[in-house]
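Shown next, in structure tokens, is the structure this report addresses.
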Amino acid sequence: MAMSKEAFLESAGLKGQVVDVWIAQEWLVPEQTPSGPRFREIDIARARLILELRAGLGANDAGIDVILHLMDQLHGMRQALDALRKHVGENRD
Amino acid sequence: MTSPYDVLGVVPGATAAEIQSAYRKLAKKLHPDLNPGDKAAEDKFKEVAAAYDLLGDADKRKRFDAGEIDAAGAERPPRQGYYRDYAGGPADHPYADASAYADFMDGDDIFADLLRRSQKGRANRRGADLHYRLEIAFADSIAGATRRITLPDGGTLDVKIPPGLVSGQVIRLKGKGAPGGGGAGDALIEVEVLADPRFTREGDDITLELPVSLGEAVLGSRVRVPTATGAVTMTVPKGSNTGTTLRLKGKGAPRRGGGFGDQLVRLKVVLPSPPDPALEAFVAGWAKGQAFNPREEA
Chain A
8 MAMSKEAFLE SAGLKGQVVD VWIAQEWLVP EQTPSGPRFR EIDIARARLI
58 LELRAGLGAN DAGIDVILHL MDQLHGMRQA LDALRKHVGE NRD
Chain B
117 MTSPYDVLGV VPGATAAEIQ SAYRKLAKKL HPDLNPGDKA AEDKFKEVAA
167 AYDLLGDADK RKRFDAGEID AAGAERPPRQ GYYRDYAGGP ADHPYADASA
217 YADFMDGDDI FADLLRRSQK GRANRRGADL HYRLEIAFAD SIAGATRRIT
267 LPDGGTLDVK IPPGLVSGQV IRLKGKGAPG GGGAGDALIE VEVLADPRFT
317 REGDDITLEL PVSLGEAVLG SRVRVPTATG AVTMTVPKGS NTGTTLRLKG
367 KGAPRRGGGF GDQLVRLKVV LPSPPDPALE AFVAGWAKGQ AFNPREEA
């Protein structure tokens with residue numbers, strides 16, 4: 008279920024300018040459509056995570072940039088590991 | 117209920133800085149997104165976050181210490197889902213990143229092969245179809261045309277309108293949608309034909325009402341008639357009337373199976389305005405005309 012920018016701001020509790028900066032930094036990559044960006048649930052969850060990193064955990068912008076990059080790689084690794092786990096499970100004698 | 121001070125592992129007299137530091141240490145270990153493999157983290161983090169909501173805010177902490185609010189008052193509404201719940205699913209999202217194991221994919225072992233295949237499956241997904249709307253003139257819908265639309269990203273797309281198109285028809289431009297590893301999606305252009313006050317389309321035929329003068333109707337004439345593909349000359353037979361419909365063969369919309377519909381020209385006799393005294397004098401002295409009652413026929 009994708010939503011417009013306005014609905015997204017409301018769901019994530021954000022201001023428009025902040026989101027524009029985050030998109031420019033590629034922290035958020037909404038789907039681009041002719042009627043403007045569309046945000047998915049994963050974008051909302053990611054925006055909330057960014058807010059928590061900043062407010063509760065005290066990460067600054069440079070830190071958030073690094074954290075998100077490593078986190079995306081971590082999820083990539085988990086995917087790869089999961090694919091391997093399934094493969095091993097299917098091919099066990 | 118455990119005291120929020122115990123949850124964070126600080127003494128009731130702790131400074132704000134000590135509370136913040138305790139929270140950050142716990143959050144690092146318990147935040148579900150910082151510990152994607154720890155299923156139990158979520159519940160524990162919820163407790164820690166609630167305690168910090170209370171003690172991390174000087175005003176709320178003061179009221180809690182004074183016994184005005186209890187720890188239950190700081191409970192959070194259920195949270196809608198952590199990032200790991202989405203990023204941990206199928207990797208068909210823009211944040212998927214394989215760079216952490218890219219070097220493992222270069223080998224010729226079974227692991228490298230497996231990684232390459234899972235990566236390829238992801239990359240082979242086709243791009244999304246993009247939807248657009250286009251308004252065209254009635255004449256263009258009959259004769260066909262090429263129209264250029266400007267895309268939101270500043271690019272353009274040339275759309276060929278096939279002759280005979282009707283409102284609501286969708287033109288598919290293969291490969292002009294969003295890019296994707298498995299090829300770009302399609303652009304789908306819904307065309308709206310703007311109404312023309314002169315023409316009405318009924319199936320493959322086009323109807324037009326054509327005003328003619330009394331002289332042209334009574335005596336017959338050759339007149340110019342607009343059609344969707346340009347004006348043509350047509351014969352108005354002698355003795356034509358309002359409502360007389362003439363057929364221009366092949367001047368309608370293109371037929372599906374080949375050939376064209378017709379244009380139906382419905383004549384409308386129009387008297388001169390302002391009224392002409394000579395015509396009035398003629399009609400007044402025209403005995404047969406006075407005797408004719410068109411309502412009797414009906």
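Keeping their order, the protein sequence lines are chains A and B.
Going from the first sequence to the numbering used here is simple: count from 1 and add 7.
Going from the second sequence to the numbering used here is simple: count from 1 and add 116.
Idealized CB from N, CA, C, for every residue including glycine.
{"query": "Under 8 Å Cβ-Cβ, which residues of chain B neighbour residue 84 of chain A?", "result": "216, 217"}
{"query": "When you compare each of A:90, A:15, A:78, A:11 to residue 206 of chain B by their alpha carbons, which one comes out closest?", "result": "A:90"}
{"query": "Between which two residues does the alpha helix (DSSP H) carrying residue 256 of chain B extend?", "result": "254 to 259"}
{"query": "Hey, would you say residue 342 of chain B sits closer than 8 Å to residue 324 of chain B, going by beta carbons?", "result": "yes"}
{"query": "Would DSSP call residue 303 of chain B helix, strand or coil?", "result": "strand"}
{"query": "Residue 307 of chain B and residue 289 of chain B look like a contact to me (Cβ under 8 Å); what is the Cβ gap, rounded to whole Å?", "result": "Not a contact, Cβ separation roughly 12 Å."}
{"query": "Apart from the five residues just before and just after residue 151 of chain B, which ones in its own chain have a Cβ nearer than 8 Å to its Cβ?", "result": "145, 157"}
{"query": "Residues in its own chain within less than 6 Å of residue 299 of chain B by CB, not counting five upstream and five downstream?", "result": "242"}
{"query": "Name the residue from B:335, B:379, B:371 whose alpha carbon lies nearest to the alpha carbon of residue 346 of chain B.", "result": "B:379"}
{"query": "Assess contact between the region 27 to 35 of chain A and the region 178 to 190 of chain B, defined as three or more Cβ pairs (one per stretch) separated by less than 8 Å. Is contact present?", "result": "no"}
{"query": "Determine the direct distance from the alpha carbon of residue 196 of chain B to that of residue 311 of chain B, and round the result to whole angstroms.", "result": "49 Å"}
{"query": "Please state whether DSSP places residue 220 of chain B in a helix, a strand or coil.", "result": "helix"}
{"query": "Does any residue of chain B have a CB that is nearer than 8 Å to the CB of residue 21 of chain A?", "result": "no"}
{"query": "Taking contact to mean at least 3 C-beta pairs separated by less than 8 Å, is the region 216 to 233 of chain B in contact with the region 80 to 100 of chain A?", "result": "yes"}
{"query": "For residue 60 of chain A versus residue 74 of chain A, is the C-beta spacing smaller than 8 Å?", "result": "yes"}
{"query": "Rounded to whole angstroms, what is the Cα-Cα separation between residue 389 of chain B and residue 407 of chain B?", "result": "25 Å"}
{"query": "Counting only Cβ pairs nearer than 9 Å, list the residues of chain B close to residue 52 of chain A.", "result": "149, 196, 197, 198, 199, 200, 201, 202, 203"}
{"query": "Rounded to the nearest angstrom, what separates residue 357 of chain B and residue 280 of chain B at their Cα positions?", "result": "31 Å"}
{"query": "Measuring only between beta-carbons, confirm whether residue 231 of chain B sits less than 8 Å from chain A.", "result": "yes"}
{"query": "What are the boundary residues of the beta strand (DSSP E) that includes residue 386 of chain B?", "result": "379 to 386"}
{"query": "Would you say residue 119 of chain B and residue 187 of chain B are within 8 Å of each other, going by their C-beta atoms?", "result": "yes"}
{"query": "For residue 291 of chain B, which of B:282, B:264, B:284, B:304 has the nearest alpha-carbon?", "result": "B:304"}
{"query": "So which residues on chain A does residue 320 of chain B lean against when the C-beta distance must stay under 8 Å?", "result": "Here the premise fails: no neighbours, minimum Cβ distance about 33 Å."}
{"query": "Taking 8 Å as the threshold, find out whether the region 125 to 135 of chain B comes into contact with the region 161 to 177 of chain B through three or more Cβ pairs.", "result": "yes"}
{"query": "Buried or exposed for residue 213 of chain B, please, with buried defined as at least 16 other CB atoms from any protein chain shown within 10 angstroms of its CB.", "result": "buried"}
{"query": "Within 8 Å of any Cβ in chain B, is that where the Cβ of residue 17 of chain A sits?", "result": "no"}
{"query": "Contact between the region 320 to 337 of chain B and the region 368 to 387 of chain B: three or more CB pairs below 8 Å?", "result": "yes"}
{"query": "If you scan the region 323 to 389 of chain B from start to end, which runs of the alpha helix (DSSP H) of 4 or more residues do you find wholly inside it?", "result": "330 to 335"}
{"query": "Using beta-carbon positions only, say whether residue 19 of chain A and residue 55 of chain A come within less than 8 Å of one another.", "result": "yes"}
{"query": "Excluding five sequence neighbours on each side, which residues of the same chain lie with their C-beta closer than 7 Å to the C-beta of residue 170 of chain B?", "result": "120, 176, 177, 180, 187, 190"}
{"query": "Return the CA-CA distance between residue 21 of chain A and residue 14 of chain A, expressed in angstroms with no decimal places.", "result": "10 Å"}
{"query": "Mind checking which residues open and close the alpha helix (DSSP H) that includes residue 53 of chain A?", "result": "48 to 62"}
{"query": "Excluding the five sequence neighbours on either side, which residues of its own chain have a C-beta within less than 7 Å of the C-beta of residue 344 of chain B, listed in chain order?", "result": "254, 255, 258, 259, 315, 322"}
{"query": "Any beta-carbon of chain A closer than 8 Å to the one on residue 227 of chain B?", "result": "yes"}
{"query": "Provide the residue span of the alpha helix (DSSP H) that contains residue 33 of chain A, from first to last.", "result": "Unbroken run through residue 33 of chain A: none, as it is neither H nor E."}
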